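S.K.: When we follow our numbering, the leftmost residue of the sequence shown carries the number 135, and every step to the right adds one.
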Amino acid sequence: MSLYYETIGDRNLPLLVAVHGLMGGVEELKFLESLAQKFHIIFVDFNYELKKKNIATRDLKTVDYDHGSDMIAELLHKYFNGQQAYFFGSSYGGKIIFDFMAKFSDLYLGGVFGDISPAPAEDTEFYKLTYNVVPQLDMTQNWANLKKQIKKLVPNRNAYSLLTSQIYYPKVDGPAIWRTGIHKLNEVMSELQINNQWTLLDKMTPSKNKKNIILVAEDFSSISAQSLKRLQESGFFELIIVPKSSHFINITHHQVILDTLLTLINTPTST
135 MSLYYETIGD RNLPLLVAVH GLMGGVEELK FLESLAQKFH IIFVDFNYEL KKKNIATRDL
195 KTVDYDHGSD MIAELLHKYF NGQQAYFFGS SYGGKIIFDF MAKFSDLYLG GVFGDISPAP
255 AEDTEFYKLT YNVVPQLDMT QNWANLKKQI KKLVPNRNAY SLLTSQIYYP KVDGPAIWRT
315 GIHKLNEVMS ELQINNQWTL LDKMTPSKNK KNIILVAEDF SSISAQSLKR LQESGFFELI
375 IVPKSSHFIN ITHHQVILDT LLTLINTPTS T
C-alpha cells in the first residue's frame, strides 16, 4: 500500500502530521489548514488508492493500517530529514499514532487524539450501537422503511447518520447496497493488530513526559468507563472531555482541536 500525502505551510515551521480515521481521508482534515501559519502540516491519506475504486466494491481489508506508523516514519526520514513532528489523529488515525509513539519516540514531539483509546473497538458503546445491528437490517426495504429500522436499532444520532450515509440504491426498487464496506467494519477492526493496544503503554515510556492529549466525547461512545480510568491511572495522557460531542469530534468540533493543537507548540517538551 502506498502512502499519499499533501503539505501546506512554511517548511521551516514545526511539523504537524495529521492522520484520518478508518474510512476517512485528507478531505476530513483540511480544517487544519488554518494552522498553516504555525505548522508545516503533512496530511496523510491511507485510503487514497482505495477511493479511486467503485464505491460499491471498495475493500477496507486492502488498507494496511497495522503498518501505518512505519510508513509515516519512513516518510519523515525520506522527505523531511528525520525531523521530529507533532501529531493529530482522529479515531483509527489516533491508533496509528499510538503505535508510532511506541515505535518511534525519537520522531514524536506530542499529539492530540480525537476520541480514541488503546482499548479494542469491541469495548466501546459506539461499536455496539453501530456495527452489531448491520446483520439485522433488511436491505430489500424501500429507503423510508430502511431508515426507520436503522433509527429503531441505533438510537445514537451520529451512529445512525453514519450508517444511513453509507447506503445507496443503484435501482429505484432496490435492494440497497453499502457504499464503502462499512458493513464489514467490525470484522476489519477486530482483525487489526493495532485494535487492542494496551500492551503498548510500556513501550510509550519515552513519550510519557511529552504533551499527549485525548479529546474524549461527552457521550463516552468510544471510551468506556474502564478504559477512561485506566488511561487516567497510566499518567501518559491528559484527558479533556469535550461538551456536546460524540465520536465525530473531527467533524463537529474543529475549534477545540485547533486550540488544543496550538498548546503543543506553547508547551516545552522532552526530546
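From the three backbone atoms N, C-alpha and C, an ideal C-beta is built for every residue, glycine too.
What you are looking at is a predicted structure, and each value in this text was computed from that prediction instead of being measured.
(1) Could you spell out where the beta strand (DSSP E) holding D179 opens and where it closes?
(2) Assign A380 to one of three DSSP states: helix, strand, or coil.
(3) Which whole runs of the alpha helix (DSSP H) in the stretch 319-361 are 4 residues long or more, in chain order?
(4) Would Y302 be called buried (16 or more neighbouring beta carbons within 10 Å of its own) or exposed?
(5) Are the CB atoms of L149 and L169 nearer to each other than 8 Å?
(6) What did DSSP end up calling I385 once you bin it into helix, strand or coil?
(7) Between the stretch 227-241 and the stretch 269-278, are three or more C-beta pairs nearer than 8 Å?
(8) When the Cα of Y182 is compared with those of N400, I284, T196, which residue comes out closest?
(9) Does the stretch 263-273 come into contact with the stretch 366-375, if we say contact requires no fewer than three beta-carbon pairs (one atom in each stretch) closer than 8 Å?
(10) Assuming contact is defined by CB atoms lying nearer than 8 Å, are H154 and D179 in contact in what I supplied?
(11) Compare the Cα-Cα distances from G143 to each of K172, G159, E162 and report the closest residue.
(12) According to the neighbour-count rule (16 or more other Cβ atoms, all chains shown, within 10 Å of its Cβ), is V306 buried or exposed?
(13) Buried or exposed, going by whether 16 or more other CB atoms sit within 10 Å of the CB of S136?
(14) Which residues in the same chain as H387 place their Cβ atom closer than 7 Å to its Cβ, once the five residues preceding and following it in sequence are excluded?
(15) Starting from the Cα of T258, find the closest Cα among V350, I399, F214, E162 and give me that residue.
(16) If the criterion is Cβ atoms closer than 8 Å, does the pair L209 and Q217 meet it?
M.R.: With the structure as the only source:
(1) Unbroken beta strand (DSSP E) run through D179: 174-179.
(2) Ala is not the amino acid found at residue 380; the sequence shown has Ser there. DSSP, read as helix, strand or coil, puts S380 in coil.
(3) 319-325, all fully within the stretch 319-361.
(4) By the 10 Å Cβ count, Y302 comes out exposed.
(5) No, these two residues do not count as a Cβ contact at 8 Å.
(6) Three-state DSSP puts I385 in a helix.
(7) A contact is defined here as three or more CB-CB pairs under 8 Å, and the stretch 227-241 fails this definition with respect to the stretch 269-278.
(8) Of the listed residues, the one whose Cα sits closest to Y182 is T196.
(9) The answer is no - the stretch 366-375 does not touch the stretch 263-273, with fewer than three Cβ pairs under 8 Å.
(10) Result yes, Cβ atoms of H154 and D179 sit closer than 8 Å.
(11) Relative to G143, the option among K172, G159, E162 whose CA is nearest is K172.
(12) Here V306 is exposed. Its C-beta has fewer than 16 other C-beta atoms within 10 Å.
(13) With fewer than 16 other Cβ atoms from the protein chains shown falling within 10 Å of its own Cβ, S136 counts as exposed.
(14) The answer, listed in chain order, is V376, S379.
(15) Of the listed residues, the one whose Cα sits closest to T258 is V350.
(16) Cβ atoms of L209 and Q217: not closer than 8 Å.
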